[in-house]
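S.K.: One structure, pasted below without further comment.
Number of protein chains: 2
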Amino acid sequence: MLAVVPETVDAAAVAFPPCDLQSLCLAHASKHFGAEEEIYGEGEPAEWVFRVLSGSVRIFTVLDDGRRQIHAFHFPGDVFGLENGADYSQSAEAICDSQVEIGRRTVLDAASTQDCQTARELWLLTAEALRRAREHLVMLGRKTARERVAGFLVEMQRRSGQPNIIDLPMSRIDIADYLGLTIETVSRTLNEFQRTGLIDLPRYRHVRLCNSRLLDAMAA
Amino acid sequence: MLAVVPETVDAAAVAFPPCDLQSLCLAHASKHFGAEEEIYGEGEPAEWVFRVLSGSVRIFTVLDDGRRQIHAFHFPGDVFGLENGADYSQSAEAICDSQVEIGRRTVLDAASTQDCQTARELWLLTAEALRRAREHLVMLGRKTARERVAGFLVEMQRRSGQPNIIDLPMSRIDIADYLGLTIETVSRTLNEFQRTGLIDLPRYRHVRLCNSRLLDAMAA
DNA sequence: CGCGTGGTTGACACAGATCAACCAGAGTGG
DNA sequence: CCACTCTGGTTGATCTGTGTCAACCACGCG
């Protein structure tokens with residue numbers, strides 16, 4: 387049976403600490419997804435709700451001609467796949483090997499009609515997602531490539547616990563599709579930041595922030 | 387006292403029918419706002435929740451240097467100003483003369499901790515706002531100016547009851563700031579659509595859709 | 001009548017896209 | 001241990017969609 391109890395996520399297994407701080411209990415079933423594996427597709431019946439235990443997940447929309455927009459990256463502790471309609475309105479894939487907790491939506495729905503606390507928890511999660519979507523919206527609608535990349539780095543840094551070094555699980559393509567840019571622009575901008583001493587790119591998918599204060603200011 | 391009862395909005399006073407179909411009862415207080423008048427500002431304590439009775443409202447964010455991104459337009463029946471944090475995370479202004487229903491957030495909060503139905507209602511509203519924000523996100527991240535303008539017209543047409551003629555309450559600047567474009571690009575694109583026979587611009591802030599099927603396809 | 005505001009149009013500039021070549025590291029197989 | 005290839009990332013040259021700047025137009029109002 388579902389209950390709302392405080393729950394801690396195994397800190398040892400967690401590369402990025404939970405950012406949707408919440409106590410919602412889904413279930414005790416969990417499943418593994420390999421890199422690039424689909425978790426659900428847009429239009430499929432939304433029967434399940436998920437929480438990342440380890441690894442990372444991307445939520446995205448693909449247009450008919452293949453253009454893709456990534457809506458969000460999810461890290462350990464984050465809940466995703468929460469829908470109010472019958473079907474998923476986006477797709478989800480594991481970015482790298484990931485362990486994902488799975489709960490039945492019907493059970494959660496039932497719980498939320500009986501327990502106001504659960505209902506409020508669901509609302510809180512969705513409201514937080516909305517707040518982030520709106521920040522993202524300003525980024526895509528009104529910011530330059532430099533501001534977007536700086537904003538992305540600051541966001542990732544904030545969500546990774548580490549103070550300065552970021553260990554990115556995603557490729558340049560994912561970053562580009564999240565920021566509404568091309569991989570070339572992302573690459574050029576990151577290397578420009580390195581040349582100007584803002585960051586260091588020590589190795590594959592690692593970024594060290596040398597001046598996160600300035601970077602933060604650049605994100606506008 | 388707040389209660390959750392089915393409620394109908396006065397159809398005669400409604401230019402655009404409600405799009406957030408919901409039965410949430412706020413209060414029976416209502417207030418008038420003149421054109422361009424602020425309803426609340428980003429960062430102010432979020433003490434009130436609103437519903438448009440007549441007129442139209444824009445929700446937006448302004449960056450330090452004045453760049454503005456409009457997140458949403460709200461028409462009669464729409465609820466706005468619902469926050470989970472302490473403060474409003476965007477600003478709201480009346481676009482034209484508008485009558486707005488006002489409810490205390492504390493009362494709604496209290497109701498939602500006692501009544502699951504109210505709590506679910508709040509969740510539904512927020513989930514619908516999220517769904518729209520994500521559609522908007524794809525538009526800003528991955529679509530061309532033509533696709534954005536076509537999408538905007540289709541969206542406005544869908545939300546206005548009228549089959550073909552749209553009576554826009556907002557200026558070119560508002561449209562541009564909603565679509566992440568400049569007023570010049572919006573103006574050029576609309577006039578290009580007129581030249582190619584897609585639409586007709588009979589008079590100030592009125593658009594007639596001549597080929598909404600094609601327009602729909604163009605929105606991608 | 002003059003002025004102010006919102007919208008249109010044109011000329012030109014530029015940020016970022018596109019196209020293409022190249023490079024580095026990880027497998028893989030001989 | 002060395003070719004070979006594959007994938008993800010970088011870099012350069014060029015193109016183009018949209019922004020910028022500026023002039024102009026049309027309508028409403030004092």
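Protein chains in written order, with the numbering used here: chain A, 387 to 606; chain B, 387 to 606. Don't be surprised by glycine CBs; every beta carbon is placed ideally from N, CA and C. Keep in mind the model is a prediction, meaning the values are calculated, not measured.
Kindly indicate the opening and closing residues of the beta strand (DSSP E) around Tyr-426 of chain A.
M.R.: Counting from 1 along the first sequence, the entry for residue 426 of chain A is found at position 40. Where Tyr-426 of chain A is concerned, the enclosing beta strand (DSSP E) stretches over 424-426.
S.K.: Assign Ser-442 of chain A to one of two classes, buried (16 or more other C-beta atoms within 10 Å of its C-beta) or exposed (fewer than that).
M.R.: Position 56 of the first sequence, counting from 1, holds the residue named residue 442 of chain A. By the 10 Å Cβ count, Ser-442 of chain A comes out buried.
S.K.: Which whole runs of the beta strand (DSSP E) in the region 412-466 of chain A are 3 residues long or more, in chain order?
M.R.: Counting whole runs of 3 or more residues, the region 412-466 of chain A contains the beta strand (DSSP E) stretches 415-419, 424-426, 434-440, 443-448 and 454-460.
S.K.: DSSP three-state call for Gly-489 of chain A: helix, strand or coil?
M.R.: Position 103 of the first sequence, counting from 1, holds the residue named residue 489 of chain A. Three-state result, Gly-489 of chain A: strand.
S.K.: Less than 7 Å separating the Cβ of Gly-420 of chain B from some heavy atom of the ligand ZN?
M.R.: The ligand ZN is not part of this structure, which contains no ligands at all.
S.K.: So, for Phe-419 of chain A: in the same chain, excluding its five sequence neighbours on each side, which residues have a beta-carbon less than 7 Å away from its beta-carbon?
M.R.: For this step, residue 419 of chain A is matched to residue 33 along the first sequence. Ile-425, Ala-480, Ser-484 and Val-486.
S.K.: Could you tell me the alpha carbon to alpha carbon distance between Met-542 of chain B and Ile-552 of chain B, rounded to whole angstroms?
M.R.: Along the second sequence, one-based indexing puts residue 542 of chain B at 156. Along the second sequence, one-based indexing puts residue 552 of chain B at 166. Rounded to the nearest angstrom, the two C-alpha atoms are 7 Å apart.
S.K.: Let me check one thing: in DSSP terms, what residues is Leu-595 of chain A bridge-paired to?
M.R.: Position 209 of the first sequence holds residue 595 of chain A. DSSP output for Leu-595 of chain A lists A:Ile-585 as bridge partner(s).
S.K.: Flag Leu-494 of chain B as yes if its beta-carbon sits less than 8 Å from any beta-carbon of chain A, otherwise no.
M.R.: Numbered from 1 along the second sequence, position 108 holds the residue referred to as residue 494 of chain B. Taking Cβ atoms only, chain A never reaches closer than 8 Å to Leu-494 of chain B, which makes this a no.
S.K.: Spatial neighbours of Ile-561 of chain A within its chain, please: C-beta separation below 7 Å, excluding the five flanking residues on both sides.
M.R.: The residue you call residue 561 of chain A lines up with position 175 of the first sequence. Same-chain partners within the cutoff: Phe-538 and Val-572.
S.K.: DSSP three-state call for Glu-393 of chain A: helix, strand or coil?
M.R.: For the purposes of this step, residue 393 of chain A is taken as the residue at position 7 of the first sequence. Because the pLDDT of Glu-393 of chain A is 37, which lies under 50, any placement of that residue in the model is unreliable, and the question is left without a value.
S.K.: Can you pull out the residues from the region 518-538 of chain A whose beta carbon lies closer than 7 Å to at least one beta carbon of chain B?
M.R.: Of all residues in the region 518-538 of chain A, Ala-519, Arg-520, His-522, Leu-523, Val-524, Leu-526, Gly-527 and Arg-528 have a Cβ within less than 7 Å of some Cβ in chain B.
S.K.: Do the region 572-581 of chain A and the region 505-515 of chain A make contact, defined as three or more Cβ pairs closer than 8 Å?
M.R.: Flag = no, the region 572-581 of chain A and the region 505-515 of chain A do not touch.
S.K.: Taking Ala-480 of chain A as part of the beta strand (DSSP E), name the residues at either end of that continuous run.
M.R.: As a working mapping, residue 480 of chain A is identified with position 94 in the first sequence. Note, Ala-480 of chain A: beta strand (DSSP E), 477-480.
S.K.: Please work out which residues of its chain come closer than 6 Å, Cβ to Cβ, to Asn-597 of chain B, disregarding the five sequence neighbours upstream and downstream, and give them in chain order.
M.R.: As a working note, residue 597 of chain B is residue 211 in the second sequence. Result list for Asn-597 of chain B: Leu-584, in chain order.
S.K.: According to DSSP, which residues form a beta bridge with Ser-484 of chain A?
M.R.: As a working mapping, residue 484 of chain A is identified with position 98 in the first sequence. Partner(s): A:Phe-419.
S.K.: Grouping DSSP H, G and I as helix and E and B as strand, with all else coil, what is Asp-553 of chain A?
M.R.: Within the first sequence, residue 553 of chain A is the residue found at index 167, counting from 1. Asp-553 of chain A: strand per DSSP, three-state reduction.
S.K.: Could you tell me which chain B residues have their CB closer than 7 Å to the CB of Asn-550 of chain A, listed as they occur along the chain?
M.R.: By 1-based counting over the first sequence, the position of residue 550 of chain A is 164. Residues of chain B passing the Cβ test: none, with the nearest at roughly 26 Å.
S.K.: For Phe-459 of chain A and Ile-445 of chain A, what's the separation of their Cα atoms in angstroms?
M.R.: Your numbering for residue 459 of chain A matches position 73 in the first sequence. Your numbering for residue 445 of chain A matches position 59 in the first sequence. Going from the Cα of Phe-459 of chain A to the Cα of Ile-445 of chain A covers about 6 Å.
S.K.: Quick check on DSSP: helix, strand or coil for Asp-602 of chain A?
M.R.: What you label residue 602 of chain A is simply residue 216 of the first sequence in a count that begins at 1. Correct three-state label for Asp-602 of chain A: helix.
S.K.: When you compare each of A:Val-465, A:Leu-565 and A:Ala-496 to Gly-527 of chain B by their alpha carbons, which one comes out closest?
M.R.: On the second sequence, position 141 is the one that residue 527 of chain B refers to. Looking at the Cα atoms, A:Leu-565 is the closest of the given residues.
S.K.: At which residues does the alpha helix (DSSP H) containing Leu-526 of chain A begin and terminate?
M.R.: Position 140 of the first sequence, counted from the start, is the residue given in the question as residue 526 of chain A. Where Leu-526 of chain A is concerned, the enclosing alpha helix (DSSP H) stretches over 502-528.
S.K.: Specify, as a first and last residue, the run of the alpha helix (DSSP H) that Ala-536 of chain B falls within.
M.R.: Taking the second sequence and counting its residues from 1, one reaches residue 536 of chain B at position 150. Here the alpha helix (DSSP H) through Ala-536 of chain B covers 531-545.
S.K.: Cβ of Trp-434 of chain A less than 8 Å from any chain B Cβ?
M.R.: As a first step, residue 434 of chain A is located in the first sequence; it is residue number 48 there, counting from the start. Taking Cβ atoms only, chain B never reaches closer than 8 Å to Trp-434 of chain A, which makes this a no.
S.K.: Output the distance between the C-alpha atoms of Leu-468 of chain A and Arg-491 of chain B, rounded to the nearest integer angstrom.
M.R.: What you label residue 468 of chain A is simply residue 82 of the first sequence in a count that begins at 1. What you label residue 491 of chain B is simply residue 105 of the second sequence in a count that begins at 1. If I take the Cα positions, the gap works out to 25 Å.
S.K.: So, are the CB atoms of Val-540 of chain B and Leu-601 of chain B less than 8 Å apart?
M.R.: Working through the second sequence from its first residue, we reach residue 540 of chain B at position 154. Working through the second sequence from its first residue, we reach residue 601 of chain B at position 215. Against a cut-off of 8 Å, the Cβ pair of Leu-601 of chain B and Val-540 of chain B comes out as a contact.
S.K.: Just grab the DSSP bridge partners of Asp-495 of chain B for me.
M.R.: Here the question's residue 495 of chain B lines up with position 109 in the second sequence. Its beta-bridge partners do not exist; DSSP assigns none.
S.K.: Output needed in chain order: residues of the region 451-465 of chain B with a Cβ under 7 Å from some Cβ in chain A.
M.R.: Cβ contacts with chain A: Arg-453, Gln-455 and His-457.
S.K.: CA-CA distance, Ala-536 of chain A and Val-524 of chain A?
M.R.: By one-based count along the first sequence, residue 536 of chain A stands at place 150. By one-based count along the first sequence, residue 524 of chain A stands at place 138. If you take the alpha carbons of Ala-536 of chain A and Val-524 of chain A, they lie about 14 Å apart.
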